[in-house]
Amino acid sequence: FYDFFVVYYRLTGDLNKSLEYCKKQVALMEMFPHFKESDSKKYLLTLTSLSLAELNLRKYDDLQQTLEKIKFIMLNYPAIKRLAFNAYYHTQLATYIDTARFEKGILLIPDIEKIIIDFKGNTNKFAEAQFYYRFFYLHFGAGEYSKALEWINKILNDNYIESAPGLYYTVRIVNLIVHLELGNIDVLEYYIKSAQRHIDKSKKMYGSEKALLNFIKNIITKNSGDESLQQAYKKLRKELLEIFKDISEKT
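Quick note, the working numbering runs 2 ahead of the 1-based positions in the sequence shown.
#1: Cα separation between Tyr192 and Lys106?
#2: Can you have a look at His36 and say buried or exposed, based on whether 16 or more other CB atoms are within 10 angstroms of its CB?
#3: Nearest by alpha-carbon distance to Leu17: which of Lys26, Glu211, His200, Asn58 is it?
#4: Report yes if the C-beta distance between Ile175 and Glu211 is below 9 Å; otherwise report no.
#5: Just to confirm, is the Cβ distance from Ile218 to Ile194 under 9 Å?
#6: Let's test the definition: count the other Cβ atoms within 10 Å of the Cβ of Phe6 and tell me whether it reaches 16, buried, or not, exposed.
#7: Quick one: Cα of Tyr10 to Cα of Thr48, how far?
#8: May I ask whether a heavy atom of the ligand MG can be found less than 8 Å away from the beta carbon of Ser20?
#9: So, with DSSP's three-state summary, where would you put Lys247?
#10: Can Leu52 and Leu85 be called in contact, C-beta distance under 9 Å?
#11: In whole angstroms, give me the CA-to-CA distance for Thr253 and Tyr170.
#12: Between the Cα of Asp113 and the Cα atoms of Asn88, Ala102, Asn126, which residue gives the shortest distance?
#13: DSSP three-state label for Asp100, please.
What follows is the structure, encoded as structure tokens:
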């Protein structure tokens, strides 16, 4: 019953109402401990929905409590350990990114890598690629552009990524940004053409992708200095803020 309202309000953009019903659903399950034991996977999925709602609304204190519950499942329920691992660490890293605590997130990377290796042969390739993208984001946010590029290359060198076009096109775009930050202007023209070619194969180019491509093209064409580069970044940020007001750009 609550499932319907959680999904309905999330799809209609009313995140507060979606959170409200997530909490009701979790509370109902926790009233009956035997249910958590008999259908632990359902309980985990409900906690995951709750954690994402709390993350989107930046309710970080509540989120940490929810993540502790997910972590408990990860450590004590072997049958759904992989699902709990994905839910816990993806959301924890997203929290560090959202709050600009990049260095703290970077400290988790070795432990996550080890668990991913342990899951080899029984892993979700898309979830693995998403982890690598978050690793990239953490290093990029910390100003460690060479390390960020390593994770981008790891994603692009995996043939699987082309079967996940949303992530694939995003990675191709941010690859340009990393090379720009590293000052690799000489290779940017090639990468721009390559990214444009792959994106053109898709059904739609999002406004965010257009803005980023146009931004980088302008930087290369004008051979901009530091001051004009900062102005270009400000203009790009303004454009993206407008673009992301459209819910279709956020998904």
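Note that beta-carbon positions come from the ideal geometry of N, C-alpha and C, so glycine has one too.
Well, looking at it:
#1: Locating residue 192 in the sequence shown gives position 190, counting from the first residue. Locating residue 106 in the sequence shown gives position 104, counting from the first residue. In this structure, the CA atom of Tyr192 is about 35 Å from the CA atom of Lys106.
#2: Numbered from its first residue, the sequence shown carries residue 36 at position 34. His36 is classed as exposed because its beta carbon has fewer than 16 other beta carbons within 10 Å across all chains shown.
#3: Start at 1 with the first residue of the sequence shown, and residue 17 comes out as number 15. If we check each option's Cα against that of Leu17, Asn58 comes out closest.
#4: Sequence index remark: in the sequence shown, residue 175 carries index 173 (1-based). Sequence index remark: in the sequence shown, residue 211 carries index 209 (1-based). Yes, the Cβ-Cβ distance between Ile175 and Glu211 is below 9 Å.
#5: Position 216 of the sequence shown, counted from the start, is the residue given in the question as residue 218. Position 192 of the sequence shown, counted from the start, is the residue given in the question as residue 194. Between Ile218 and Ile194, the CB-CB gap stays under 9 Å.
#6: Looking up residue 6 in the sequence shown gives position 4. Flag for Phe6 reads exposed.
#7: Looking up residue 10 in the sequence shown gives position 8. Looking up residue 48 in the sequence shown gives position 46. Tyr10 and Thr48 have their C-alpha atoms some 15 Å from each other.
#8: Only the bare structure without any ligand can be found here, which leaves the ligand MG out of the picture.
#9: Translated into positions along the sequence shown, residue 247 becomes position 245. Interpretation of Lys247 is limited by its pLDDT of 48, a score under 50 that renders its predicted location unreliable; the figure taken from the coordinates is listed afterwards. The answer is coil: DSSP assigns Lys247 none of H, G, I, E or B.
#10: Here residue 52 is taken as the residue at index 50 of the sequence shown, counted from 1. Here residue 85 is taken as the residue at index 83 of the sequence shown, counted from 1. It is not a contact, given that the beta carbons lie outside the stated cut-off.
#11: Your numbering for residue 253 matches position 251 in the sequence shown. Your numbering for residue 170 matches position 168 in the sequence shown. Caution applies to Thr253, whose pLDDT of 40 falls short of 50 and renders its modelled position unreliable; the model cannot decide the point.
#12: Taking the first residue of the sequence shown as position 1, residue 113 is located at position 111. Cα-wise, what sits closest to Asp113 is Asn88.
#13: The sequence position of residue 100 within the sequence shown is 98, counting from 1. The three-state reading of DSSP puts Asp100 in helix, counting H, G and I together.
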